[in-house]
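A.B. asks: Heads up: the sequence shown begins at 1386 in our numbering, then just goes up one per residue.
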Amino acid sequence: MIKTNFLIIGSGAAGLTLAVKLAAKFSHKKVMVVTKASQAESNTKYAQGGIAAVFNLKKDSYQQHIQDTLKAGDGLCDKTVVEMVIKNGPLRLNELISWGANFDTNPNGKLNLGKEGGHSKYRIIHHKDATGNEIEHTLLKRIKKFKNIQVLPHHFAIDLLTNRLVNKKDRKEIACQGAYIADQISGDFFTIQADFTTLASGGIGQVYGHTTNPKVATGDGIAMAYRAKAKVKDMEFIQFHPTAFYDGKNGVSFLISEALRGYGAYLRNKNGERFMLNYDTRAELASRDIVSRAIHSEMKKLKHNNVYLDCTHLSIDDLRLKFPTIYRTCISKNIDLKKDWIPVVPAAHYLCGGIMVDINGKTSLKNLFACGECARTGLHGANRLASNSLLEALVYADRIFKYINKKAVIPHPVSVEVISNDLPIYGNLESIMQKRIELQYIMRNYAGVVRNYYDLKIAALQVEKLHKTTEKLFQEYKFNAALYEFRNMIEVARLIIEHSLNRNENKGGYFNKDNAIDSPIKTESSIE
1386 MIKTNFLIIG
1396 SGAAGLTLAV
1406 KLAAKFSHKK
1416 VMVVTKASQA
1426 ESNTKYAQGG
1436 IAAVFNLKKD
1446 SYQQHIQDTL
1456 KAGDGLCDKT
1466 VVEMVIKNGP
1476 LRLNELISWG
1486 ANFDTNPNGK
1496 LNLGKEGGHS
1506 KYRIIHHKDA
1516 TGNEIEHTLL
1526 KRIKKFKNIQ
1536 VLPHHFAIDL
1546 LTNRLVNKKD
1556 RKEIACQGAY
1566 IADQISGDFF
1576 TIQADFTTLA
1586 SGGIGQVYGH
1596 TTNPKVATGD
1606 GIAMAYRAKA
1616 KVKDMEFIQF
1626 HPTAFYDGKN
1636 GVSFLISEAL
1646 RGYGAYLRNK
1656 NGERFMLNYD
1666 TRAELASRDI
1676 VSRAIHSEMK
1686 KLKHNNVYLD
1696 CTHLSIDDLR
1706 LKFPTIYRTC
1716 ISKNIDLKKD
1726 WIPVVPAAHY
1736 LCGGIMVDIN
1746 GKTSLKNLFA
1756 CGECARTGLH
1766 GANRLASNSL
1776 LEALVYADRI
1786 FKYINKKAVI
1796 PHPVSVEVIS
1806 NDLPIYGNLE
1816 SIMQKRIELQ
1826 YIMRNYAGVV
1836 RNYYDLKIAA
1846 LQVEKLHKTT
1856 EKLFQEYKFN
1866 AALYEFRNMI
1876 EVARLIIEHS
1886 LNRNENKGGY
1896 FNKDNAIDSP
1906 IKTESSIE
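As structure tokens, then:
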């Protein structure tokens, strides 16, 4: 067993920002960061778009950013949270810049502000088209300055350690005391006991297969929290990015940032027609849910597997300069932006729901916090406004730090059980991968961009069969990363389906053909 003061599960923007702040303030205490891949592998690394923050108060305002966020959230945002996050945005960005982050500037040396879908003003801060990678690089460099931060790469968090798990007869308030961990290199199990634990484990895109998320995005933190009896909410609100590169294959799809549409690219169907004005007056700059459903509609109507993004009317030199990653990727796929259109489709991109937290990042379990994509803060409501996610990650990491610093009471240590390694090793990786593909097919086809109750019920039955099989394997065999990831993916899929079945109105990123559009009925979906 290992003891630490602060345990952080996840190494993206939220987790690393929190680690830096805790280590700087509590130099005599230990901060431990656990991540199942390399320390640089996270959703943050792949974020292209940018960070939304109000820096030009002459042409923009906090109130306008707040209104854009509320509009995208379709009536389900927590306005108090929205106001808090947006007003704290510039402070957090300036802090990140002071730590060494570089963002695009204009000839006058001021931040070059872009505009993306759903935003009424220019307020997006970028580092070319690789903003997330710049943030991740900055934070990884920053944590090396602190000797009291220990990063454990290639370590898999299996489940949270709680007083109820240690003593099933304990009827006190459920409190988190750390986590059970597996070393992916040796296969050994051990326990990390922590005063405070934070889940910053990212998203769930791999549940759908066609996703802009990296392979590590399997919803581990949400699944762990749910099994530990933490409350989760709004799992039905999956944001599908409208424009992921389509090459006819399954798996991670390269994201074509909406910044490209903000710069002037057009969406066209297979007949070459610009179609977005038929769906929304904002055309290509409508919010993601509207653009995704419009693309889905055009694909169905014309019986075509994709639509196209047209940049041929834009300066190729500007495209090469402003969107180097997109430019290079298109060239590698034999797409010449001077004359060719980019084939694109919607792909699972961001979860707006997740582990319920309050304005300080506290979950419903004592001493357990959550931030980043795995947390449901109330900022996004039913649909996330572009480039608000990295902002949320930075702000909530700061909120958790400040709460722990001022108000948190150090818990008393308790005895914990030791996990046995006396189990056979499950080595049938091919079988797990086949089941994973089956799950992804179910979720794409029955719980995707457009849903209906009949399909959702089919999905529920099929996923439940996979759940029973996988839980049996989990109990009978020793650690296998693919098996444990798949277990978490199934847990997340069950939550998405159940929350979808519980919602009887169309809101934001959730669209059900069986529901009347703009139904006056308001529902909430939270499961404990």
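A virtual CB, placed ideally from N, CA and C, is assigned to each residue, including glycine.
Assign Gly1649 to one of two classes, buried (16 or more other C-beta atoms within 10 Å of its C-beta) or exposed (fewer than that).
C.D. replies: Residue mapping note: residue 1649 aligns to position 264 of the sequence shown, counting from 1. Gly1649 comes out exposed.
A.B. asks: Can you give me the C-alpha to C-alpha distance between Ile1394 and Ala1422, rounded to a whole angstrom?
C.D. replies: Numbered from 1 along the sequence shown, position 9 holds the residue referred to as residue 1394. Numbered from 1 along the sequence shown, position 37 holds the residue referred to as residue 1422. Approximately 11 Å, taken between the alpha carbons.
A.B. asks: From Gly1893 to Ile1607, what distance separates their C-alpha atoms?
C.D. replies: Along the sequence shown, read from residue 1 onward, the residue named residue 1893 stands at position 508. Along the sequence shown, read from residue 1 onward, the residue named residue 1607 stands at position 222. For Gly1893 and Ile1607, the distance between alpha carbons rounds to 21 Å.
A.B. asks: Hey, how far is the Cα of Ala1432 from the Cα of Arg1769?
C.D. replies: Here residue 1432 refers to the residue found at position 47 of the sequence shown. Here residue 1769 refers to the residue found at position 384 of the sequence shown. Distance between the alpha carbons of Ala1432 and Arg1769: 14 Å.
A.B. asks: How big is the Cα-Cα spacing for Ser1772 and Phe1754?
C.D. replies: For this step, residue 1772 is matched to residue 387 along the sequence shown. For this step, residue 1754 is matched to residue 369 along the sequence shown. Computed Cα separation, rounded: 23 Å.
A.B. asks: Cutting at 6 Å between CB atoms, please list the residues of its own chain near Asp1445, excluding the five before and the five after it.
C.D. replies: As a first step, residue 1445 must be located in the sequence shown, where it is residue number 60. So the qualifying residues of the chain are Val1439, Lys1506, Arg1508.
A.B. asks: Does DSSP put Phe1391 in a helix, in a strand, or in coil?
C.D. replies: Within the sequence shown, numbered from 1, the residue matching residue 1391 stands at position 6. It is a strand residue.
A.B. asks: For Gln1825 versus Gly1633, is the C-beta distance shorter than 8 Å?
C.D. replies: As a first step, residue 1825 is located in the sequence shown; it is residue number 440 there, counting from the start. As a first step, residue 1633 is located in the sequence shown; it is residue number 248 there, counting from the start. Cβ atoms of Gln1825 and Gly1633: not closer than 8 Å.
A.B. asks: Using a 10 Å radius around the Cβ and a threshold of 16 neighbouring Cβ atoms, would you call Tyr1984 buried or exposed?
C.D. replies: Only positions 1386 to 1913 of the chain appear in the structure, and residue 1984 is not among them; the question remains open.
A.B. asks: Tell me which residues share the same chain as Ile1387 and place their Cβ nearer than 6 Å to its Cβ, disregarding the 5 neighbours each side in the sequence.
C.D. replies: Taking the first residue of the sequence shown as position 1, residue 1387 is located at position 2. Taken in chain order, the residues that qualify are Ile1577.
A.B. asks: Are Glu1758 and Leu1736 touching if we call contact CB-CB under 8 Å?
C.D. replies: On the sequence shown, residue 1758 is found 373 positions in, with the first residue counted as 1. On the sequence shown, residue 1736 is found 351 positions in, with the first residue counted as 1. Cβ atoms of Glu1758 and Leu1736: closer than 8 Å.
A.B. asks: Name the DSSP beta bridge partners of Ile1727, please?
C.D. replies: As a first step, residue 1727 must be located in the sequence shown, where it is residue number 342. Answer is Leu1694, bridged to Ile1727.
A.B. asks: Classify Gly1765: buried if its beta carbon has 16 or more other beta carbons within 10 angstroms, exposed otherwise.
C.D. replies: As a position in the sequence shown, residue 1765 is number 380, starting the count at 1. It should be pointed out that residue 1765 corresponds to His in this sequence rather than to Gly. Buried, by the Cβ-count rule.
A.B. asks: Please look up how many angstroms separate the CB atoms of Asp1514 and His1540, rounded, as I've assumed it's under 8 Å.
C.D. replies: On the sequence shown, position 129 is the one that residue 1514 refers to. On the sequence shown, position 155 is the one that residue 1540 refers to. Contact doesn't hold; Cβ gap of about 31 Å is too wide.
A.B. asks: Roughly how many angstroms separate the alpha carbons of Pro1599 and His1734, rounded to a whole number?
C.D. replies: In the sequence shown, residue 1599 corresponds to position 214, counting from 1. In the sequence shown, residue 1734 corresponds to position 349, counting from 1. So the two alpha carbons sit approximately 10 Å from each other.
A.B. asks: Could you name the residues that DSSP lists as bridge partners for Val1419?
C.D. replies: Here residue 1419 refers to the residue found at position 34 of the sequence shown. DSSP, once it has assigned bridges, lists Ile1394, Leu1537 as partnering Val1419.
A.B. asks: By the 10 Å Cβ neighbour count, where 16 or more other Cβ atoms means buried, how is Asp1459 classified, buried or exposed?
C.D. replies: On the sequence shown, position 74 is the one that residue 1459 refers to. Answer is buried; the Cβ neighbour count reaches 16.
A.B. asks: Comparing alpha-carbon positions, which option in Gln1591, Tyr1831, Glu1426, Met1828 lies nearest Ile1520?
C.D. replies: The residue labelled residue 1520 in the question sits at position 135 within the sequence shown. Out of Gln1591, Tyr1831, Glu1426, Met1828, Glu1426 has the C-alpha closest to the C-alpha of Ile1520.
A.B. asks: Which class does Leu1424 belong to by DSSP, given the choice of helix, strand or coil?
C.D. replies: Here residue 1424 refers to the residue found at position 39 of the sequence shown. Note that residue 1424 corresponds to Gln in the displayed sequence, not to Leu. Looking at Gln1424 - three-state DSSP - the assignment turns out to be coil, as it is neither helix nor strand.
A.B. asks: Between Glu1501 and Glu1643, is the Cβ-Cβ spacing less than 8 Å?
C.D. replies: Position 116 of the sequence shown, counting from 1, holds the residue named residue 1501. Position 258 of the sequence shown, counting from 1, holds the residue named residue 1643. Cβ atoms of Glu1501 and Glu1643: closer than 8 Å.
A.B. asks: Within the 8 Å Cβ cut-off, does Phe1411 reach chain B?
C.D. replies: Considering every chain present, this structure includes no chain B. It has just one protein chain.
A.B. asks: Does the pairing of the segment 1705-1722 with the segment 1658-1668 give three or more beta-carbon distances under 8 Å?
C.D. replies: Segments in contact, no.
A.B. asks: Are the beta-carbon atoms of Asn1390 and Ala1579 separated by less than 8 Å?
C.D. replies: Sequence index remark: in the sequence shown, residue 1390 carries index 5 (1-based). Sequence index remark: in the sequence shown, residue 1579 carries index 194 (1-based). Contact flag set, yes.
A.B. asks: Just to confirm the assignment, what range does the beta strand (DSSP E) spanning Met1741 have?
C.D. replies: By one-based count along the sequence shown, residue 1741 stands at place 356. Here the beta strand (DSSP E) through Met1741 covers 1739-1741.
A.B. asks: Can you tell me which of the three DSSP states His1681 falls into?
C.D. replies: By 1-based counting over the sequence shown, the position of residue 1681 is 296. Residue state, collapsed to three classes: helix.
A.B. asks: With 16 other CB atoms within 10 Å as the buried threshold, where does Arg1659 fall?
C.D. replies: As a first step, residue 1659 is located in the sequence shown; it is residue number 274 there, counting from the start. Per the 10 Å Cβ criterion, exposed.
A.B. asks: What does DSSP give as the partner residues of Gln1578 in its beta bridges?
C.D. replies: Here residue 1578 refers to the residue found at position 193 when the sequence shown is read from its first residue. Gln1578 is bridged to Lys1388, Gly1563.
A.B. asks: Using the three-state DSSP reduction, which class does Arg1653 fall into: helix, strand or coil?
C.D. replies: Here residue 1653 is taken as the residue at index 268 of the sequence shown, counted from 1. Note: Arg1653 maps to strand in three-state DSSP.
A.B. asks: Just checking my contact of Glu1621 with Ile1881 at CB under 8 Å: how many whole Å lie between their CB atoms?
C.D. replies: Counting from one through the sequence shown, the residue named residue 1621 turns up at place 236. Counting from one through the sequence shown, the residue named residue 1881 turns up at place 496. With a Cβ gap of about 6 Å, Glu1621 and Ile1881 count as contacting.
A.B. asks: Can you grab the Cα-Cα spacing for the pair Lys1842 / Arg1879, in whole Å?
C.D. replies: Looking up residue 1842 in the sequence shown gives position 457. Looking up residue 1879 in the sequence shown gives position 494. Looking at the two C-alpha atoms, the distance is approximately 11 Å.
A.B. asks: Helix or strand or just coil, what does DSSP make of Gln1624?
C.D. replies: Stepping through the sequence shown from its first residue, residue 1624 is reached at position 239. Gln1624 falls in the strand class under three-state DSSP.
A.B. asks: Short check: CB of Val1419 to CB of Leu1392, under 8 Å?
C.D. replies: In the sequence shown, counting from the first residue as 1, residue 1419 sits at position 34. In the sequence shown, counting from the first residue as 1, residue 1392 sits at position 7. Yes; because the gap between Cβ atoms is below 8 Å, this pair is in contact.
A.B. asks: Buried or exposed: which applies to Val1794, given that a residue is buried once 16 or more other Cβ atoms fall within 10 Å of its Cβ?
C.D. replies: As a working mapping, residue 1794 is identified with position 409 in the sequence shown. Looking at its Cβ environment, which holds fewer than 16 other Cβ atoms inside 10 Å, Val1794 is exposed.
A.B. asks: For Val1742 and Ile1785, I'd like the C-alpha separation in whole angstroms.
C.D. replies: For the purposes of this step, residue 1742 is taken as the residue at position 357 of the sequence shown. For the purposes of this step, residue 1785 is taken as the residue at position 400 of the sequence shown. In a straight line, the C-alpha of Val1742 is about 10 Å away from that of Ile1785.
A.B. asks: Is DSSP giving His1689 helix, strand or coil here?
C.D. replies: Start at 1 with the first residue of the sequence shown, and residue 1689 comes out as number 304. Reduced to three states, the DSSP call for His1689 is coil.
A.B. asks: In the DSSP assignment, find the unbroken alpha helix (DSSP H) run with Ala1782 in it and report its ends.
C.D. replies: Position 397 of the sequence shown, counting from 1, holds the residue named residue 1782. It spans 1774-1791 - the alpha helix (DSSP H) in which Ala1782 sits, taken as one unbroken run.
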